[in-house]
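Novice: Residue numbering for the sequence shown follows our numbering, beginning at 357 and increasing consecutively.
Here a beta-carbon is modelled for each residue, glycine too, at the ideal position from N, C-alpha and C.
My structure is below; once you've seen it, I'll send some questions.
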Amino acid sequence: MFFLIAAPLFAQSGEPSSLASEIQNIENTLNRPGVSGAERRQALTRLAQIRQLSGDLENAAKNWLEAAAANPMVDDSALLSCAYCLAAMGEWDRATAAIRPLLNSNTSPVSQRAHFLDASIKAWRGDLSALGALAGSPLYIQLRSEIYYTLWKTALDSTSAEAWKQRLLAEFPQSPEALIAASASAAAPVVSAKPNPLWLLFPGWDGAVAQTAAVASGPAVPARPEAVPAAPVQSPAPAQPGTARLQTGVFSQQANANAQMDQLTRAGFSPVMERRIVDGGERWAVIVPAADANQGIAQLRTAGFESFPLR
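Next comes the structure, spelled out in structure tokens:
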């Protein structure tokens, strides 16, 4: 599903105190003795939504997983949301493991979207066969415009990409995905789009697909030793007045963060890396400074990277 946005993507203000108060109220509910399973699930779902929207994907995934198991019957929708957060972090194996119970069926909307995510992860890794099969299945007709769009964006050669784009424009000309595709080659784009959830969850997909193609068809590239980072790792620091900090990815493997740093540098940006400790584990965040958040987000998207501002 895609949402079209006419207003600026993000406000230029600090986090409202009401948000912190809401998080505290939710945590109080969760810690209250005798809280029911339904109340716990509702509270965890709201907490996961807040953390996901604020960019805290690691804890959002944790809360979604807890929400999925809060009642005797596992909540498939929460499990799927957990998988999407994991995919956003580049944790593809964990995302695939999270949705595995949902892949036993393809009859419900949730299970179909789980199959779509599973096939999209494979396409992200360079295997488009599963996603291509979904494109021809009548069971996935409701997702077909998204499938065509994803195939267009993950195709490893320009001929295939153009073919999927033209199918999208011909079969679903009024879909949000087709409007995005039409605007991509327009001199004056007619739509400003923030894709959700798939491309929001795969920051930097253009560079990664190009890298996959190069590895598949070109000479082998020596792997960078993980013990020697390609760029300095910085501690989080407050942004200078008038400077936004746009996060393009959070990775559990430093090598993956290094790869995105390289892609961003080749695209003309000046990224920095920050080491974080989340639940006792190391994470590496890739940050791009920008004088203006909205302008920086737009420039990154044009280069093939999704991002969000850190507050």
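1. Starting from Val-466, trace the beta strand (DSSP E) in both directions and tell me its first and last residue.
2. If we ignore side chains and look at the alpha-carbon of each, how far apart do Glu-378 and Pro-457 end up?
3. Should Pro-627 go down as buried or exposed, given a rule of 16 or more other Cβ atoms within 10 Å for buried?
4. Within its chain, find whatever has a CB closer than 7 angstroms to the CB of Arg-523; leave out the 5 residues flanking it on each side and keep chain order.
5. Given this structure, state the Cα-to-Cα distance separating Cys-441 from Ala-453, to the nearest angstrom.
6. Beta-carbon within less than 6 angstroms of Phe-472's beta-carbon, same chain only, minus the 5 sequence neighbours each way: which residues are those?
7. By Cβ distance, which residues of its chain are closer than 6 angstroms to Ser-437, with the 5 residues on each side in sequence left out?
8. Take the Cβ of Glu-527 as the centre, count every other Cβ of all protein chains shown within 10 Å, and call the residue buried at 16 or more, exposed below.
9. When you compare only the Cα positions, how much space is there between Ile-406 and Arg-601?
10. In three-state DSSP terms, what is Leu-484?
11. Using DSSP's beta-bridge definition, name the partner residues of Met-445.
12. As a quick exercise: from Thr-401, Val-606, Glu-383, Phe-661, pick the residue whose alpha carbon is nearest that of Ala-674.
13. Assign Pro-665 to buried or exposed, taking buried as 16 or more other Cβ atoms, counted over all protein chains shown, within 10 Å of its Cβ.
14. When DSSP labels each residue in this structure, what does Pro-428 get in the three-state scheme?
15. In angstroms with no decimal places, state the Cα-to-Cα distance between Gln-398 and Thr-515.
16. My output table needs one value for Arg-601: the three-state DSSP class, helix, strand or coil.
17. My output table needs one value for Glu-502: the three-state DSSP class, helix, strand or coil.
18. Can you give the Cα-Cα distance for Lys-509 and Ile-653, rounded to whole angstroms?
19. Using the beta-carbon count (16 or more within 10 Å), is Thr-506 buried or exposed?
20. In its own chain, which residues sit with a C-beta less than 7 angstroms from the C-beta of Ala-426, not counting the 5 before and 5 after it?
21. From this set, Glu-447, Glu-502, Ala-517, which residue's C-alpha is nearest Ala-534's C-alpha?
22. Let me check understanding here. Comparing Cα to Cα, which of Ala-641, Ser-476, Leu-656 lies closest to Asp-648?
23. Could you check the C-alpha separation between Ser-663 and Leu-620 for me, to the nearest Å?
24. Quick check on Arg-632: does DSSP put it in helix, strand or coil?
25. Just reading off the beta strand (DSSP E) that Ile-643 is part of, what are its end residues?
26. Residues in the same chain with beta-carbon distance under 8 angstroms from Ala-537, minus the five sequence neighbours each way, listed in chain order, please.
27. Between Ala-423, Glu-414, Ala-486, which has its C-alpha nearest Gly-446's C-alpha?
28. Which residue marks the beginning of the alpha helix (DSSP H) containing Arg-402, and which one marks its end?
29. Which same chain residues end up closer than 7 angstroms to Val-391 when comparing Cβ atoms and leaving out the 5 residues on each side of it in sequence?
30. If you draw a straight line from the C-alpha of Phe-661 to the C-alpha of Pro-494, how long is it?
Specialist: Taking the coordinates as given:
1. Looking at the DSSP string, Val-466 is not in any beta strand (DSSP E); the run it does join, the alpha helix (DSSP H), is 465-480.
2. 32 angstroms
3. buried
4. Residues Tyr-504 of the same chain have their beta carbon placed closer than 7 angstroms to that of Arg-523, with the five preceding and five following residues left out of the count.
5. 13 angstroms
6. Leu-499
7. Closer than 6 angstroms at Cβ, skipping near neighbours: Trp-420.
8. For Glu-527, the number of other beta carbons within 10 angstroms of its own is below 16, and it is reported as exposed.
9. 20 angstroms
10. Here Leu-484 sits in coil by DSSP.
11. Answer is none; Met-445 lacks a bridge partner.
12. Here the chain has residues from 357 to 667 only, and residue 674 is not among them.
13. buried
14. Three-state DSSP puts Pro-428 in coil, outside helix and strand.
15. Taking the CA atoms as reference points, Gln-398 sits about 47 angstroms from Thr-515.
16. Strand at Arg-601.
17. Three-state DSSP puts Glu-502 in a helix.
18. 19 angstroms
19. Label assigned to Thr-506: buried.
20. Gly-393, Arg-396, Arg-397, Leu-400
21. Out of Glu-447, Glu-502, Ala-517, Glu-502 has the C-alpha closest to the C-alpha of Ala-534.
22. Comparing Cα-Cα distances from Asp-648 to each of Ala-641, Ser-476, Leu-656, the minimum goes to Leu-656.
23. So the alpha carbons of these two residues sit roughly 12 angstroms apart.
24. Three-state result, Arg-632: strand.
25. 637-646
26. Tyr-505, Trp-508, Lys-521, Leu-524, Leu-525
27. Glu-414
28. 393-409
29. Thr-385
30. 32 angstroms
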